[in-house]
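There are 2 protein chains.
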Amino acid sequence: MHTTPVELASGSWATVLAPQLAQFVAVARTEHVSRAAALLGMPQPTLSRSIARLEAELGVALLARHGRAVSLTRAGRELLASAERALAEVERGAEALRADADPATGLVSFGFLHTLGPETVPGLLHDFRAANPRIRFQLVQDHGAAMVARLLAGGLDLCLISPLPQDPRVAVRRLDEQRLNLVVPAGHRLAGRRRVRLAEVAKDPFVVLETGYGLRRITDELCANAGFAPRIAFEGEETETLRGLVAVGLGVALLPPPVLPRPNVVELAVTAPRAVRQIGLAWREGQPDTPPVATFKRFLLARRGSLLPGEPEPPPAR
Amino acid sequence: MHTTPVELASGSWATVLAPQLAQFVAVARTEHVSRAAALLGMPQPTLSRSIARLEAELGVALLARHGRAVSLTRAGRELLASAERALAEVERGAEALRADADPATGLVSFGFLHTLGPETVPGLLHDFRAANPRIRFQLVQDHGAAMVARLLAGGLDLCLISPLPQDPRVAVRRLDEQRLNLVVPAGHRLAGRRRVRLAEVAKDPFVVLETGYGLRRITDELCANAGFAPRIAFEGEETETLRGLVAVGLGVALLPPPVLPRPNVVELAVTAPRAVRQIGLAWREGQPDTPPVATFKRFLLARRGSLLPGEPEPPPAR
DNA sequence: GAGCACTCATGCATTAATGCATGAATCACT
DNA sequence: AGTGATTCATGCATTAATGCATGAGTGCTC
Chain R
1 MHTTPVELAS GSWATVLAPQ LAQFVAVART EHVSRAAALL GMPQPTLSRS
51 IARLEAELGV ALLARHGRAV SLTRAGRELL ASAERALAEV ERGAEALRAD
101 ADPATGLVSF GFLHTLGPET VPGLLHDFRA ANPRIRFQLV QDHGAAMVAR
151 LLAGGLDLCL ISPLPQDPRV AVRRLDEQRL NLVVPAGHRL AGRRRVRLAE
201 VAKDPFVVLE TGYGLRRITD ELCANAGFAP RIAFEGEETE TLRGLVAVGL
251 GVALLPPPVL PRPNVVELAV TAPRAVRQIG LAWREGQPDT PPVATFKRFL
301 LARRGSLLPG EPEPPPAR
Chain Y
1 MHTTPVELAS GSWATVLAPQ LAQFVAVART EHVSRAAALL GMPQPTLSRS
51 IARLEAELGV ALLARHGRAV SLTRAGRELL ASAERALAEV ERGAEALRAD
101 ADPATGLVSF GFLHTLGPET VPGLLHDFRA ANPRIRFQLV QDHGAAMVAR
151 LLAGGLDLCL ISPLPQDPRV AVRRLDEQRL NLVVPAGHRL AGRRRVRLAE
201 VAKDPFVVLE TGYGLRRITD ELCANAGFAP RIAFEGEETE TLRGLVAVGL
251 GVALLPPPVL PRPNVVELAV TAPRAVRQIG LAWREGQPDT PPVATFKRFL
301 LARRGSLLPG EPEPPPAR
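If you're matching them up, the sequences are chains R and Y in order.
At position 75 of the first sequence the residue is numbered 75 (UniProt numbering), and the sequence of numbers has no breaks.
At position 154 of the second sequence the residue is numbered 154 (UniProt numbering), and the sequence of numbers has no breaks.
Here it is, written out as structure tokens:
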């Protein structure tokens with residue numbers, strides 16, 4: 001195994017995460033206390049006693065003193081190898097931290113729903129990068145429940161989610177709302193209309209996402225508001241797949257606007273009940289933001305109401 | 001890469017070699033400051049502030065506080081992986097140290113000359129193990145100069161060596177002296193004698209070890225004392241090889257007694273000059289001994305004068 | 001071989017970290 | 001909802017580590 005030589009300059013991360021190790025390695029490498037002390041940017045007597053303390057606590061002599069020189073014991077030599085590897089590992093980890101937290105080039109772990117993937121998020125990122133070209137992103141797509149889990153597990157900094165989760169451990173800010181269309185096949189009896197009430201398809205078969213998806217919950221709730229329980233013909237995992245099912249006449253669906261107009265289906269506005277889903281920005285409550293995360297969060301919050309492309313916000317509700 | 005879970009009990013080595021790392025890992029694993037403090041055997045407030053200090057010095061939040069609970073930041077989670085590996089490495093190294101320094105089962109790195117390998121050292125070790133059956137040995141055979149180098153480099157705890165090195169960095173105690181025989185072929189003109197003076201073979205060709213070997217230096221010096229410079233016929237690297245060369249009539253040699261009597265050669269005692277080589281125990285000056293090394297050193301020093309098998313010590317010279 | 005240069009260790013005043021008791025805040029339970 | 005139990009953080013006295021000045025010992029040079 002090859003270990004890269006760890007820099008032991010006084011500013012090094014290892015000196016704060018594992019000062020004893022760094023001190024020992026510095027002395028062991030140079031076999032010279034004063035020089036090691038200079039390298040570490042600390043007084044020689046302090047280092048001398050620090051090493052002596054280490055030896056006393058370990059109960060093993062690491063350095064052999066010969067007059068004004070020191071050399072490594074066999075024990076010290078063996079420990080040096082392990083200490084070098086450990087230090088390299090610490091340095092690697094700390095460097096990754098530092099890099100991820102850098103305001104200009106750091107990393108943002110950003111999650112969002114599949115339905116926001118093709119258009120909304122790319123647009124957002126494009127605009128954001130104009131001002132912050134070197135911030136890196138780790139993009140995660142998942143459904144709502146999994147997103148919340150990742151947020152809580154600590155793997156995700158921010159996410160766009162719908163509906164807004166109620167978990168007290170998750171902080172949410174509503175950013176925008178997205179119209180949901182009733183999607184019917186081209187030959188459907190309502191295909192000529194522009195606007196419909198949801199109750200008009202109470203008897204139609206529905207194609208929906210599987211239970212657990214936010215959109216499924218919203219669909220169920222809207223139908224309940226309209227006074228019926230939807231008859232489920234098919235359950236799927238992707239909205240574009242659902243549109244395909246609608247296109248071949250297998251049912252109707254409540255879906256966010258399509259990325260591109262699709263043949264063989266008609267998108268109808270729903271007048272009653274008000275068919276929208278809330279898009280929120282969520283993060284772990286109490287999670288302190290690294291600079292790049294804070295920057296991106298500010299950017300997103302500033303786009304409240306104009307998050308989604310080409311869909312003017314209705315007068316501020318509630 | 002698989003890292004074994006590191007024990008973080010208060011007695012663990014990592015807590016003295018890298019306390020900050022151990023503390024962070026304990027908190028990160030449990031996501032619970034009090035429990036981690038209990039594990040580490042330290043008061044909770046101390047740990048709390050220790051972690052806070054770490055975060056302040058790193059400039060990155062590692063823990064997210066939610067009321068009375070804490071959880072890992074993404075940064076903390078990333079650091080944890082590295083810290084775990086580093087800690088495992090430290091623990092491995094420290095454990096090796098501890099094992100090597102254990103008085104009962106520790107390791108002694110012991111070097112000796114090739115010529116002492118077949119008989120002397122095995123006998124010594126046999127006797128030593130009667131009292132210390134579990135002390136482990138790392139045996140190194142080399143010639144004198146290389147032995148001293150290893151001693152100084154720190155890879156060797158003790159060694160039996162001849163002649164006694166003069167280096168001030170090496171401590172030596174004379175343990176015994178070994179008679180050197182003049183070895184001649186069976187048909188040699190002196191083969192019938194029991195004792196000879198070295199000068200009697202002043203004109204014979206010699207087979208000797210290569211320059212750098214202690215025995216070679218001794219041979220050269222003894223010949224010089226006897227008033228001649230040996231005519232070198234062959235140089236070799238092993239004494240038994242030299243005996244073979246003598247057996248086939250290629251010269252004579254000054255060698256320590258053979259392991260087993262060998263056909264076709266005759267071993268003659270040398271009366272003048274006194275043909276012996278000093279066998280000494282040497283170690284790095286100032287090198288502190290681990291318990292097992294100290295035990296073995298005491299054992300060897302106690303055998304001063306009776307180190308070599310079957311060769312009664314002459315009246316204490318010098 | 002005496003003096004000088006150099007290196008590691010130690011005495012002492014200062015500073016920072018520790019440990020105990022307690023505060024602040026949250027969660028669970030009645 | 002009030003109450004009690006937890007849990008993390010903070011105030012304060014104590015202890016230990018730090019840093020400076022200096023001592024002790026060694027190797028090199030003139």
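Where a beta carbon is used, it is the ideal one built from N, C-alpha and C, also for glycine.
message: Quick check on His-66/R - is its C-beta less than 9 angstroms from some C-beta in chain Y?
response: yes
field: Whole-Å CB distance - Phe-112/Y paired with Leu-160/Y, under 8 angstroms assumed
entry: About 4 angstroms; that satisfies the 8 angstroms criterion.
- prompt: Given a threshold of 16 other Cβ atoms within 10 Å of its Cβ, counted over all protein chains shown, does Thr-241/Y qualify as buried or as exposed?
  reply: exposed
Close Cβ partners of Arg-216/Y (< 7 angstroms) along its chain, the five nearest in sequence each way excluded: Val-208, Leu-209 and Glu-210.
message: Can you check which of these residues, Leu-80/R, Arg-277/R, Gly-155/R and Ala-130/R, is closest to Gln-138/R by C-alpha distance?
response: Gly-155/R
task: Kindly say whether Asp-204/R, judged by its beta-carbon, lies nearer than 9 angstroms to any beta-carbon of chain Y.
output: Taking CB atoms only, Asp-204/R has no neighbour in chain Y less than 9 angstroms away.
- prompt: Alpha carbon to alpha carbon, what distance is there between Arg-35/R and residue 365/Y?
  reply: This structure does not reach residue 365/Y, given that chain Y is present from 1 up to 318, and the question cannot be answered.
query: If the cut is a Cβ gap below 8 angstroms, which residues of chain R does Ala-81/Y touch?
result: Gly-93
query: Curious, which full-length alpha helix (DSSP H) runs of at least 4 residues does the region 154–235 of chain R contain?
result: 214–226
- prompt: Of all Cβ atoms in chain R, is any one closer than 9 angstroms to the Cβ of Gln-141/Y?
  reply: no
- request: Give a yes or no on whether the C-beta atoms belonging to Leu-158/R and Trp-283/R are separated by under 9 angstroms.
  value: yes
field: Interface residues of the region 145–169 of chain Y facing chain R [CB-CB below 7 angstroms]
entry: Gly-154, Gly-155, Asp-157 and Arg-169
task: Give a single yes or no on whether His-143/R has its beta carbon closer than 8 angstroms to a heavy atom of the ligand GDP.
output: With respect to small molecules bound, the structure shown includes none, and the ligand GDP cannot be examined in it.
message: If I follow the unbroken alpha helix (DSSP H) through Ile-279/Y, where does it start and stop?
response: Ile-279/Y -> not in any alpha helix (DSSP H); beta strand (DSSP E) instead, spanning 276–284.
field: Candidates Val-246/Y, Gly-192/Y, Ala-224/Y and Glu-235/Y, of which the one nearest residue 326/Y by Cα
entry: Limits of chain Y in this structure are 1 at one end and 318 at the other, which puts residue 326/Y out of reach.
- prompt: From Ile-279/R to Ala-253/R, what does the alpha carbon distance come to, in whole angstroms?
  reply: 19 angstroms
- request: Identify the continuous alpha helix (DSSP H) that holds Leu-58/Y and give its terminal residues.
  value: 44–58
- prompt: Relative to the alpha-carbon of Leu-164/R, which residue among Arg-277/R, Val-33/R, Ala-94/R and Arg-77/R has its alpha-carbon at the smallest distance?
  reply: Arg-277/R
message: Do Leu-79/Y and Val-70/Y have their beta-carbon atoms positioned less than 9 angstroms apart in this structure?
response: no
- prompt: The beta strand (DSSP E) with Gln-287/Y in it runs from where to where?
  reply: Where Gln-287/Y is concerned, there is no enclosing beta strand (DSSP E), given that its DSSP letter is neither H nor E.
is_contact[Ala-18/R, chain Y] using C-beta, thresh 9 angstroms: Chain Y, which has a Cβ nearer than 9 angstroms to the Cβ of Ala-18/R, makes this yes.
message: Below 7 angstroms on C-beta distance, what does Pro-288/Y contact in chain R?
response: What Pro-288/Y touches in chain R: Ala-61, Ala-64 and Thr-73.
- prompt: Looking only at DSSP bridge pairs, what is His-66/Y linked to?
  reply: As a beta-bridge residue in DSSP terms, His-66/Y pairs with Ala-69/Y.
message: Do Pro-288/Y and Asp-102/Y count as a contact pair if the criterion is CB distance below 9 angstroms?
response: no
Contact set between Ala-99/R and chain Y, taken where Cβ atoms lie within less than 9 angstroms: For Ala-99/R, no chain Y residue has a Cβ inside 9 angstroms of its Cβ, as the nearest lies near 10 angstroms away.
Closer than 9 angstroms to chain Y by CB, Phe-24/R: Answer yes: the Cβ-Cβ gap between Phe-24/R and chain Y drops below 9 angstroms somewhere.
field: Separation of Leu-300/Y from Arg-150/Y, as counted between CA atoms
entry: 20 angstroms
task: Any chance you could list the beta strand (DSSP E) runs of at least 3 consecutive residues sitting entirely within the region 90–144 of chain Y, in chain order?
output: 107–112 and 136–141
- prompt: Between Leu-199/Y and Ala-145/Y, what straight-line distance do the alpha-carbon atoms span, to the nearest angstrom?
  reply: Note that residue 199/Y is Ala in the sequence shown here, rather than Leu. Rounded to the nearest angstrom, the two C-alpha atoms are 29 angstroms apart.
- prompt: At a Cβ threshold of 9 angstroms, is Leu-300/Y touching chain R?
  reply: no
Contact with chain R by Ser-109/Y, beta-carbon distance below 9 angstroms: yes
task: Count the other C-beta atoms from every protein chain shown that fall within 10 angstroms of the C-beta of Val-248/Y, then say buried if there are 16 or more, exposed otherwise.
output: exposed
- prompt: What is the DSSP secondary structure of Ala-253/Y, reduced to helix, strand or coil?
  reply: strand
field: Cα-Cα separation between Gly-187/R and Ala-99/R, rounded to whole angstroms
entry: Near 56 angstroms, if we compare the C-alpha coordinates of Ala-99/R and Gly-187/R.
message: Taking CB distances under 9 angstroms as the criterion, tell me whether Gly-76/R reaches chain Y.
response: yes
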